[in-house]
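Participant: Dumping the structure here so I can ask a few things about it.
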Amino acid sequence: MTIAGNDQRNLTGSFAGLRVLDFSTTIAGPHCTRMLADMGAEVIKVETEEGETMRTRPPVRNNCSTAFGQLNVGKNSLVLDLKSPEGSEAVRRLVATADVLVENFRPGVMRRLKLDYASLHEVNPKLIYCSISGYGQTGPSAELPAYAPVIHAASGYEMAHLAYQPGRSRPDYCGIYHADVLTGVYAFGAISAALYQRKTTGQGQHIDVSMLESMLSLTLNELQWSQFEVKPTQRPRRRTAT
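Residue numbers (this note's numbering): 245 to 486.
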């Protein structure tokens, strides 16, 4: 829908001139960088020669995954072997000209490749480096594998939802990946804020976005009930179907 009198260039060109390096795969990271591309940023998606797993995810049309297309439309594509000296050097050259880097490898992977924030900050102090992971970059759960259904359960989201379903004893399987989409949106917002702050400080920063914390933000009442004693009369009444 278009609002009369609005210049479409203002709606889709907010990030024109920004260069984004996208090392992310699957949904959360690509969803974030897709929104950056929608706002006019130049997004360079870096993949291995095999390509990321979403390229073969159904539904498939003309031998191409439409889900992959939806998440990566508007991006440029680049194939690099990050484990090779040549690939690593190519990344460093790109970083020197980039504004934003987004990655969602398991914590520690980029450090082993010497492509972590500390290493690349030396190349470009203005770089905004966004890491997306299941449980954050530090802590006892940092290196655990994390997929949306796992995070839905670990955050208590599914059990919180079950509490509003009278007569049910177990939650349904949720095939909609709320954790991925929500985390991608939060990462987009955090990057936008960091870009605004950089105008004042002239410095980039490392952004740590976790799927778990993103999902916890959806359970506002439940978080409070779990921490404080709540009298039964204080809880909101649940409507039942008639």
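All C-beta atoms in this analysis are idealised placements derived from N, C-alpha and C, irrespective of residue type, glycine included.
Fair warning: this is a prediction, and the values are worked out from it, not measured in the lab.
Can you tell me whether Glu293 is buried or exposed? The criterion is at least 16 other CB atoms within 10 Å of its CB, across all chains shown.
Facilitator: Taking the sequence shown and counting its residues from 1, the one referred to as residue 293 is at position 49. Answer is exposed; the Cβ neighbour count stays below 16.
Participant: Residue range of the beta strand (DSSP E) that Ile435 falls in?
Facilitator: Translated into the one-based positions of the sequence shown, residue 435 becomes position 191. Here Ile435 belongs to no beta strand (DSSP E); instead the alpha helix (DSSP H) covers His422 to Thr445.
Participant: Using only the alpha-carbon positions, how far apart do Ser385 and Leu338 sit?
Facilitator: Your numbering for residue 385 matches position 141 in the sequence shown. Your numbering for residue 338 matches position 94 in the sequence shown. Ser385 and Leu338: Cα-Cα distance of roughly 32 Å.
Participant: Among His422, Gly318, Ala398 and Leu345, which one has its Cα closest to the Cα of Ile271?
Facilitator: Indexing the sequence shown from 1 puts residue 271 at position 27. The shortest C-alpha separation from Ile271 is found at His422.
Participant: If we call anything under 8 Å between Cβ atoms a contact, is Val264 one with Glu286?
Facilitator: As a first step, residue 264 is located in the sequence shown; it is residue number 20 there, counting from the start. As a first step, residue 286 is located in the sequence shown; it is residue number 42 there, counting from the start. Yes, these two residues count as a Cβ contact at 8 Å.
Participant: Assign Gly448 to one of two classes, buried (16 or more other C-beta atoms within 10 Å of its C-beta) or exposed (fewer than that).
Facilitator: Counted from its first residue, the sequence shown places residue 448 at position 204. By the neighbour-count rule (16 or more Cβ atoms within 10 Å), Gly448 is buried.
Participant: For the alpha helix (DSSP H) that Ser458 lies in, which residues bound it at each end?
Facilitator: Against the sequence shown, residue 458 aligns to sequence position 214. Its alpha helix (DSSP H) spans residues Met455 to Leu460.
Participant: For Ser328 versus Glu347, is the C-beta spacing smaller than 8 Å?
Facilitator: Looking up residue 328 in the sequence shown gives position 84. Looking up residue 347 in the sequence shown gives position 103. Contact flag unset, no.
Participant: Apart from the five residues just before and just after Ala392, which ones in its own chain have a Cβ nearer than 6 Å to its Cβ?
Facilitator: Translated into positions along the sequence shown, residue 392 becomes position 148. Around Ala392: Tyr421, Ala423 and Asp424.
Participant: Please determine, among Leu359, Leu456 and Leu426, the residue with the shortest C-alpha to C-alpha distance to Gly383.
Facilitator: What you label residue 383 is simply residue 139 of the sequence shown in a count that begins at 1. Checking every option, the nearest Cα to that of Gly383 belongs to Leu456.
Participant: Does the pairing of the region 391–410 with the region 353–364 give three or more beta-carbon distances under 8 Å?
Facilitator: The region 391–410 makes no contact with the region 353–364; the number of CB pairs closer than 8 Å stays below 3.
Participant: Out of Gln409, Val453 and Arg442, which has the shortest C-alpha to C-alpha gap to Gly428?
Facilitator: Mapped onto the sequence shown, residue 428 falls at position 184. Of Gln409, Val453 and Arg442, the residue nearest in Cα terms is Val453.
Participant: Inspect the beta-carbon positions of Ser371 and Gly378 and report whether they are closer than 8 Å.
Facilitator: The residue you call residue 371 lines up with position 127 of the sequence shown. The residue you call residue 378 lines up with position 134 of the sequence shown. Note that residue 371 is Leu in the sequence shown here, rather than Ser. It is not a contact, given that the beta carbons lie outside the stated cut-off.
Participant: Just mark Arg278 as buried or exposed, buried being the case when its beta carbon has 16 or more other beta carbons within 10 Å.
Facilitator: As a first step, residue 278 is located in the sequence shown; it is residue number 34 there, counting from the start. Counting other Cβ atoms within 10 Å of its Cβ, Arg278 reaches 16 or more and is therefore classed as buried.
Participant: Using a 10 Å radius around the Cβ and a threshold of 16 neighbouring Cβ atoms, would you call Val323 buried or exposed?
Facilitator: As a position in the sequence shown, residue 323 is number 79, starting the count at 1. So Val323 ends up on the exposed side.
Participant: Roughly how many angstroms separate the alpha carbons of Ala260 and Met403, rounded to a whole number?
Facilitator: On the sequence shown, position 16 is the one that residue 260 refers to. On the sequence shown, position 159 is the one that residue 403 refers to. So the two alpha carbons sit approximately 42 Å from each other.
Participant: Going by DSSP in three states, Gln449 sits in which element: helix, strand or coil?
Facilitator: In the sequence shown, residue 449 corresponds to position 205, counting from 1. Strand.
Participant: Could you name the residues of the same chain whose beta carbon sits closer than 6 Å to that of Asp343, not counting the 5 residues immediately before and after it, in chain order?
Facilitator: Start at 1 with the first residue of the sequence shown, and residue 343 comes out as number 99. Correct list, in chain order: Leu262 and Arg263.
Participant: Assuming Thr458 contacts Leu406 (C-beta within less than 8 Å), just tell me the rounded distance between them.
Facilitator: Translated into positions along the sequence shown, residue 458 becomes position 214. Translated into positions along the sequence shown, residue 406 becomes position 162. Reading the sequence as shown, one finds Ser at residue 458 and not Thr. About 20 Å separates the two Cβ atoms, so there is no contact after all.
Participant: Within its chain, find whatever has a CB closer than 6 Å to the CB of Tyr373; leave out the 5 residues flanking it on each side and keep chain order.
Facilitator: Taking the sequence shown and counting its residues from 1, one reaches residue 373 at position 129. Within the same chain, Tyr373 has close Cβ partners Leu345, Tyr361 and His450.
Participant: Going by the DSSP bridge assignment, what does Cys360 pair with across the sheet?
Facilitator: On the sequence shown, residue 360 is found 116 positions in, with the first residue counted as 1. Looking at the sequence shown, residue 360 is not Cys but Asp. In DSSP, Asp360 forms no bridge with anything.
Participant: Tell me the rounded alpha-carbon separation between Gln441 and Gly273.
Facilitator: By one-based count along the sequence shown, residue 441 stands at place 197. By one-based count along the sequence shown, residue 273 stands at place 29. Rounded to the nearest angstrom, the two C-alpha atoms are 22 Å apart.
Participant: Is Glu294 helix, strand or coil by DSSP?
Facilitator: Translated into positions along the sequence shown, residue 294 becomes position 50. Three-state result, Glu294: coil.
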